[in-house]
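Accompanying notes for the structure given below.
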Amino acid sequence: MSDDLQTLIGKVRTQATGNNNRQQPNLTNTLGLDLVPPQARDLEEAVLGAMLLDKEAVATIIDILKPECFYVEGHQAVYQAMLDLFNKSQPIDLLTVTEQLRKNATIDQAGGSMGVSMLTRRVGASAHLEHHAHIIIEKHILRQLIQVSNLISREAFENTTDVFDLLNKAERELFVITERNINRKVRPINNLVHEALQRMEELRHKEDGLSGVPSGFTQLDRITAGWQKSDLIILAARPGMGKTSFVLSMARNVAVDFKRPVAIFSLEMPAVQLVNRLISGETGINLEKLRRGDMQEFEWIQLYQKIDPLTQAPIFIDDTPSINIFELRAKCRRMVMQHKVELIIIDYLQLMSGGQEGRNTNREQEISFISRSLKSIAKELEVPIIALSQLNRAVESRSGEKRPQLSDLRESGSIEQDADMVTFLYRPDYYEMNKDGGGAEQTGLTEVIISKHRNGSTGKVNIQFIAKFARFVDLDENELFVGVDPLLSGDGVVTMQSKGNGNILSTNGGNNLPPLPPDDEVPF
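Residue numbers (my numbering): -13 to 510.
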């Protein structure tokens, strides 16, 4: 909680009467009303009393409540004494808790030994103990919300803070409340095993065998089994490799071919430019012609004939520049709730703000905070998040092949730590290294390198980049491969065998590109 918020709380604290217990203050809201904060004093006494009498109650409650969850400060002191005893593996009863309170110099705050013993008067049914604890948490969260709203209201009335800084502050404080009170309920192994087996049975009857969101790239999906729920996937490359075009092609596959909603947060490019790329890839019309509107009659006809699947696709684009992590989280939650979004794409991570302006943090710490928060959002919403990332210049200075490595991730090593998967894009022709063993050029051949895969194997797959359409597609196995399926080695790495000097793409089956335009407009 921020220093300003702590200061506000300190100003409004008052001395309570009876039993020498201090309770948290009445909060005067912006309407000038002196109101008693939400609290459940009777339930606090019941929970503490049960813990004094029953060691099983201690085991139930100790992982649910924190001292600050209690409204009465004397109850906070008693619970802290119980925590101290529990951490030292000592018994918890009236005598030991009273003695620990003396050691903590909080015995008077708890109302003396008589105050501690009186807690056992309200002990209820042990079966309801966990429910009582959750009510205490709910009241605690409500008090936190009131405190934050009072702080923000006061600064808004004073009108001395920039409105957008104040908005960021509000989002930051609310984010802290959510993070502190997120549900981390322990689940027994028998339930988890049953859930896992049920999921396996569902996959058994699926034709594609994918447990996650498909990318639409066949070989990539063989390694990943689709993008998995709650995963943070980092897609990194040097500028010019086609990161944006790759995720747009993937978003198109997910939304058009598989009818699954996708959210795209574009911090670098305006939405209309992204849509132009999508239209070019969908219709097979040169991107430069679309930008200029300089098309022949047959191309206008082709445009309107081919555009319909894209207009019906569940793709949602937000091009807010320099969005901070708190705004992103709120927007992601809204999109998942309203549009059932199953995949979130962020282009790109280094353009985000940590929303920690005014704090003494450097850029590396800010990027670390952003990557941790993205993982937290993915886990909370149970959707995969693909975040694009820049690589540092060490790639360019490397002699020989310039394939990226995990050490090339820019500005923070925590990106690698927080990510469930780290993938790189590498186009040899960008560095004029696009000739195969026979000397034939392989223009547009792109390697998708999976360098980290927390829950699966690593590997490399090849796809094709069609620059004039800003689109990535699968390689045509009938034309490019040696008449056999890609070989799957023991560790799950897909090994690609290439003819190299064969046609990379053709129009006679095996791909989903639009029909070729006549004459000089043949795209390959």
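Even glycine gets a Cβ: it sits at the ideal position worked out from N, Cα and C.
In the structure shown, the three-state DSSP call for D305 is coil. In the DSSP assignment, T429 falls outside any alpha helix (DSSP H), carrying neither H nor E. Around the beta carbon of Y334, 16 or more other beta carbons lie within 10 angstroms, which makes this residue buried. In the pairwise beta carbon analysis, the stretch 435 to 447 is classified as not touching the stretch 250 to 263: fewer than three pairs are separated by under 8 Å. The beta carbon of I121 lies closer than 7 Å to those of A26 and L29 in the same chain, with the five residues before and after it left out.
Assigned with DSSP and collapsed to three states, T409 falls in strand. C-alpha of E85 to C-alpha of L51: approximately 22 Å in a straight line. DSSP, reduced to helix, strand and coil, places G445 within a strand of the structure shown.
Per DSSP, the unbroken beta strand (DSSP E) holding V459 starts and ends at R457 to D460. A Cβ-Cβ contact shorter than 9 Å links A237 with I301. Counting of Cβ neighbours within 10 angstroms places F284 among the exposed residues, the total staying below 16. In the structure shown, N90 falls within a coil segment according to DSSP collapsed to helix, strand and coil. Residue nearest to E31 within the set V44, P23 and F56 is F56 (criterion: CA-CA distance). Residue burial is scored here from C-beta neighbours: M323 has fewer than 16 other C-beta atoms within 10 angstroms and is therefore classed as exposed. C-alpha of I219 to C-alpha of Q336: approximately 15 Å in a straight line.
C-alpha of P247 to C-alpha of R129: approximately 37 Å in a straight line.
Out of R358, A249 and N176, the CA that lies nearest to the CA of T306 is found in A249. According to the DSSP assignment, S231 belongs to the alpha helix (DSSP H) that extends over K229 to R238.
M227 and Y416 do touch by the CB rule: their CB atoms are close to 6 Å apart, below 8 Å. Taking one beta carbon from each stretch, the stretch 33 to 45 and the stretch 93 to 112 have 3 or more pairs nearer than 8 Å; the two touch.
When secondary structure is reduced to three states using DSSP, H191 falls in the coil class, being assigned neither helix nor strand. With three or more CB-CB distances shorter than 8 Å, the stretch 400 to 415 counts as touching the stretch 349 to 362. Distances from the alpha-carbon of D217 to those of L411, G198, K292 and L189 put G198 closest. Listed in chain order, the alpha helix (DSSP H) elements of length 4 or more contained wholly in the stretch 317 to 389 are 349 to 367 and 380 to 383.
By the neighbour-count criterion, in which 16 or more other beta carbons inside 10 Å mark a residue as buried, N239 falls on the buried side. The beta carbon of E157 is closer than 6 Å to those of F312 in its chain, skipping five residues each way along the sequence. Rounded to whole angstroms, the separation of the alpha carbons of L115 and A45 is 11 Å. Under DSSP, Q450 takes part in a beta bridge, and its partners are L431 and V459. The beta carbons of L374 and L206 sit no closer together than 9 Å. Using a Cβ distance threshold of 9 Å, L21 and D79 do not count as a contacting pair. Exclusion of the five residues before and after Q184 leaves no residue of its chain whose Cβ lies closer than 6 Å to its Cβ. The continuous beta strand (DSSP E) containing F251 extends over residues V248 to S252. Spanning the alpha carbons of T92 and S75 requires a straight line of approximately 21 Å.
Per DSSP, the beta bridge partners of K438 are V408.
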